[in-house]
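Taking the numbering used here, the leading residue of the sequence shown gets 20, the next gets one more, and so forth.
Backbone N, C-alpha and C define an ideal beta-carbon position, used for all residues, glycine too.
Please read these numbers as outputs of a predicted model, since none were measured by experiment.
Written out below as structure tokens is the structure these notes cover.
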Amino acid sequence: MEAHKIFSMSFAKVYPLYIQKAERKNRTKEEVDEIVSWLTGYSREELEGQIKKNVDLKTFFEEAPCINPNAALIKGVVCGVRVEEIEDPLMQKIRYLDKLVDELAKGKSMEKILRK
């Protein structure tokens with residue numbers, strides 16, 4: 020099976036798009052960073068390191084210190100697909116992050132976004 024093109028996309032190219040989406044809705048880069056850290060376990064320094072290394076999304080998630088066990092609580096639709104039904108584990112993690120940023124842009128509280 021051919022790998023999805025998104026797997027080879029640079030996280031450094033996708034990350035600013037997440038920030039732009041959030042900022043258009045009066046949310047902050049810091050909130051995006053908090054979401055990324057919550058999902059992946061990266062510290063702020065580790066996140067900056069991944070961006071500087073220009074890793075692809077596949078590598079970004081493979082090297083993630085610890086995917087949050089509460090990620091399974093993320094439900095909903097991204098790109099017309101229910102995230103909880105995505106079979107490919109890597110694609111599911113990518114869509115989890117998309118969903119969390121969507122929730123941020125829609126004005127949800129950080130407490131709800133981070134499944135507290």
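Between the Cα of residue i and the Cα atoms of the options, which residue gives the shortest distance?
| i | options | result |
| --- | --- | --- |
| Gly99 | Val74, Thr47, Pro84, Lys118 | Lys118 |
| Ile86 | Lys131, Lys127, Ile54, Lys32 | Ile54 |
| Ile113 | Glu64, Ala83, Asn73 | Ala83 |
| Leu109 | Lys32, Lys77, Ala41 | Lys77 |
| Asn89 | Glu49, Tyr115, Ser128 | Tyr115 |
Secondary structure at residue i, three-state DSSP: helix, strand or coil?
| i | result |
| --- | --- |
| Asp107 | coil |
| Arg101 | strand |
| Ser56 | helix |
| Ser62 | coil |
Which residues mark the beginning and the end of the alpha helix (DSSP H) in which residue i is found?
| i | result |
| --- | --- |
| Leu36 | 30–43 |
Across which residues does DSSP place residue i in a beta bridge pair?
| i | result |
| --- | --- |
| Asp75 | Ser29 |
Within its chain, find whatever has a CB closer than 6 angstroms to the CB of residue i; leave out the 5 residues flanking it on each side and keep chain order.
| i | result |
| --- | --- |
| Ser27 | Asp75 |
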